[in-house]
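S.K.: There's a structure below that I have some questions on.
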Amino acid sequence: MWRSGTLILLGLVLTIATAEAGGLYLYEIGSPDVGLAAAGYAARAEDAGTAFTNPAGMTRLERPSLLLGAQPMYLNIDFSTDSNSTEAGNDGDSNGWLPAGGLFYVHPVNDRLALGLAMTGYFGLALDYQDDWAGRYYVQDTTLQAAAIQPAIAWQVNDQLSVGAGVAVLYGILEEKLAVNRSLDALPDGEIKLEDDDWAVQLNLGVLYAPASGTRFGLTYLSEADLDFSDRADVSGFGPTLTAILGLGSRTVDLGVTMPQAVMFSVYHELNDRLALLANLGWQDWSEFGKVEVSISNTRVDLTTDLDYHDTWHAALGAQYRVAEPWLLTAGIAYDSAMIDEEDLGPTLPVGESWRFALGGRYSWSRDLTFGAAYELVWAGDLDMDVERGPLAGRVSGTYESTAIHFVTLNAEWRF
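All residue numbers for the sequence shown refer to my numbering, where the first residue is 99 and numbers rise by one.
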């Protein structure tokens, strides 16, 4: 019976390991970059959001600036089972709104030195399936998110070159719930939950080079960050006697995961006094992130599971056009390659390659106040899934249809 409890927990842990490596870096942080599909992310440096997107860009701001952004996001994730599925249950969906946003402040100390602060959430994913959907033995709810407070500093080396650095203090949360099949005992499903939080530190380094007026090149590096989660399983539906015999509630599950390092290179170039073009090329080290350390207390389970993730590449192209003096319109398109092959797709991470399409605008109310709004569609399309993990979890097969995330951003910037 003790071994049975270990196997139940091990199945849970391997599922959670997949979910943990299912976080996503978000370019959408409540700043005007959303209206460009993040094109020019590390080179635009026109508002206080640069405190995070490229700390070196803070030297371009001549006055203290405060940017506040509200960014609700809507997940459109609908799964339809096919005839190959063996488990009874409803089709799964995880549709709904999630709150997001950011606060950014830049304070020029003198002509060369600038200080800044960024507060935003830029990593994670949260899914909430129905408790009775066909894949409930794989996942019902899963959340892995991280938010950060990042102080930053920038120094203008000369008229063309600036360097900057930020130290992000990350707060990460993990919540996971799934059902346990008890049909062999002719009993309703049991349930296991894990929940924990952790702190980590991540470096954000940037360089901004402006060889001529109206032309800028930006390069940023985001370091790895380690999150370690540990919690005793919260079980229900087994009864106190069976829970004690199996040892389910007495063992601690430890999971260690590394948020990947990332590099972004961006270009900003003004064609004339109205039109500017922006572009990105980025890389994220997801192959390293797919290696998750797993252990269960009082057992021999101590392993590193490799989820066979791939490094991802990002490319973006955007434009901003000043229609008239108070109005600036923006648009952008971006592509991100898939971190996981479709044949390895699971219900904790229903994403593949994705496209971003964005529109936005900014209105200068006065010299001291600017309002902005943007909409962005992140499109992953139809994704086929076919997973099987033993007779109790069963086989779940079908298609995620029209998978997408919708971002709506409203922001305001004050200059003092």
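Positions of the beta carbon are idealized from the N, C-alpha and C atoms, including for glycine.
Under the three-state reduction of DSSP, which class applies to Val207: helix, strand or coil?
M.R.: coil
S.K.: Smallest Cα separation from Thr497: which of Gly190, Glu160 and Asn152?
M.R.: That would be Gly190, whose Cα lies nearest to the Cα of Thr497.
S.K.: Could you round the C-beta distance between Glu126 and Glu511 to whole angstroms and report it? I think they count as a contact, below 8 Å.
M.R.: About 17 Å separates the two Cβ atoms, so there is no contact after all.
S.K.: Under 7 Å, do Asn188 and Asp229 count as touching if we go by C-beta distance?
M.R.: Not closer than 7 Å, so no.
S.K.: Count the other CB atoms within 10 Å of the CB of Gly120; is the residue buried (16 or more) or exposed (fewer)?
M.R.: Below a pLDDT of 50, predicted positions are generally treated as unreliable, and Gly120, at 44, falls in that range; the measurement from the model is reported next regardless. Residue environment: Gly120 is assigned as buried (16 or more neighbouring CB atoms within 10 Å of its CB, all protein chains considered).
S.K.: Measuring only the C-alpha atoms, how far is Ala413 from Arg454?
M.R.: 10 Å
S.K.: On the three-state DSSP scale, how would you describe Thr240?
M.R.: strand
S.K.: Give the DSSP bridge partners of Trp411, in chain order.
M.R.: Trp381
S.K.: Determine the extent of the beta strand (DSSP E) in which Gly304 is found, giving its start and end residues.
M.R.: Gly288 to Ala310
S.K.: Less than 8 Å between the CB atoms is what I'm expecting for Ala456 and Ala135, so what's the real figure, rounded?
M.R.: 4 Å
S.K.: Can you tell me where the alpha helix (DSSP H) holding Ala149 begins and where it ends?
M.R.: In the DSSP assignment, Ala149 falls within the alpha helix (DSSP H) that extends over Thr148 to Thr151.
S.K.: Excluding sequence positions up to five away, which residues of its chain have a Cβ less than 7 Å from the Cβ of Ser452?
M.R.: Asp434, Val476, Trp477 and Ala478
S.K.: To the nearest angstrom, how far is the alpha carbon of Val365 from that of Leu276?
M.R.: 45 Å
S.K.: Would Asp180 pass as a contact of Ser500 if the rule is Cβ separation under 7 Å?
M.R.: no
S.K.: Less than 8 Å between the CB atoms is what I'm expecting for Tyr419 and Leu373, so what's the real figure, rounded?
M.R.: Between Tyr419 and Leu373 a beta carbon distance of about 5 Å is seen, short of the 8 Å cut, so the two are scored as contacting.
S.K.: Answer with buried or exposed for Val355, where buried requires no fewer than 16 other C-beta atoms within 10 angstroms of its C-beta.
M.R.: buried
S.K.: In three-state DSSP terms, what is Gly233?
M.R.: In the three-state DSSP reduction, Gly233 falls in the coil class, being neither helix nor strand.
S.K.: Compute the Euclidean distance between the alpha carbons of Ser334 and Asp283, then round it to the nearest angstrom.
M.R.: 15 Å
S.K.: Quick check on Met157: buried or exposed, where buried means 16 or more other Cβ atoms within 10 Å of its Cβ?
M.R.: Checking the sequence, you will find Thr at residue 157 rather than Met. The residue is buried, with at least 16 neighbouring Cβ atoms inside 10 Å.
S.K.: If I'm right that Gly167 touches Gly133 with Cβ under 8 Å, what's the distance once you round it to whole angstroms?
M.R.: No, Gly167 and Gly133 are not in contact; Cβ-Cβ is about 11 Å, not under 8 Å.
S.K.: Taking buried to mean at least 16 other C-beta atoms within 10 Å of its own C-beta, is Tyr236 buried or exposed?
M.R.: buried
S.K.: Whole-angstrom Cβ separation of Ala471 and Leu426, contact assumed at under 8 Å?
M.R.: By a beta-carbon distance limit of 8 Å, Ala471 does not contact Leu426. Their separation comes to about 11 Å.
S.K.: Using CA atoms only, rank isn't needed, just tell me which of Leu447, Ile175, Ala263 and Arg330 is closest to Gln248.
M.R.: Ala263
S.K.: Give the DSSP-derived three-state secondary structure of Asp180 in the structure shown.
M.R.: In the structure shown, the three-state DSSP call for Asp180 is coil.
S.K.: Restricting to Cα atoms, I'd like to know which of His504, Arg513, Gly430 and Pro448 is closest to Ser464.
M.R.: Arg513
S.K.: Residues in its own chain within less than 7 Å of Glu322 by CB, not counting five upstream and five downstream?
M.R.: Around Glu322: Thr356, Met357, Pro358 and Gln359.
S.K.: To the nearest angstrom, report how far apart Gln254 and Leu225 are at their CA atoms.
M.R.: 43 Å
S.K.: Quick test of your reading: Val204 and Ala149, contact by CB under 8 Å. State the CB separation rounded to the nearest angstrom.
M.R.: So it is a contact: roughly 5 Å between Cβ atoms.
S.K.: Taking only the alpha-carbon atoms, compute the straight-line gap between Ala154 and Pro130 and give it to the nearest angstrom.
M.R.: Those two C-alpha atoms are separated by around 18 Å.
S.K.: Can you tell me whether Ala263 is helix, strand or coil according to DSSP?
M.R.: strand
S.K.: With DSSP as the reference, label Ile343 as helix, strand or coil.
M.R.: Confidence is the limiting factor: at Ile343 the pLDDT is only 47, short of 50, which leaves the residue's position unreliable, though a coordinate-based value still follows. Here Ile343 sits in helix by DSSP.
S.K.: Are Ala212 and Ala266 touching if we call contact CB-CB under 7 Å?
M.R.: no
S.K.: Assuming Thr184 and Arg493 are in contact, meaning their beta carbons sit under 8 Å apart, how far apart are those beta carbons, in whole angstroms?
M.R.: Indeed they touch by this definition, with Cβ atoms about 5 Å apart.
S.K.: Going by DSSP, what residue range makes up the beta strand (DSSP E) through Leu165?
M.R.: Ser163 to Ala168
S.K.: Alpha carbons only, please: which of Asn370, Pro286, Trp411 and Asn174 is nearest the one belonging to Gln382?
M.R.: Trp411
S.K.: List in chain order: all unbroken beta strand (DSSP E) runs of 3+ residues lying wholly within the segment 424–484.
M.R.: 425–434 and 452–462
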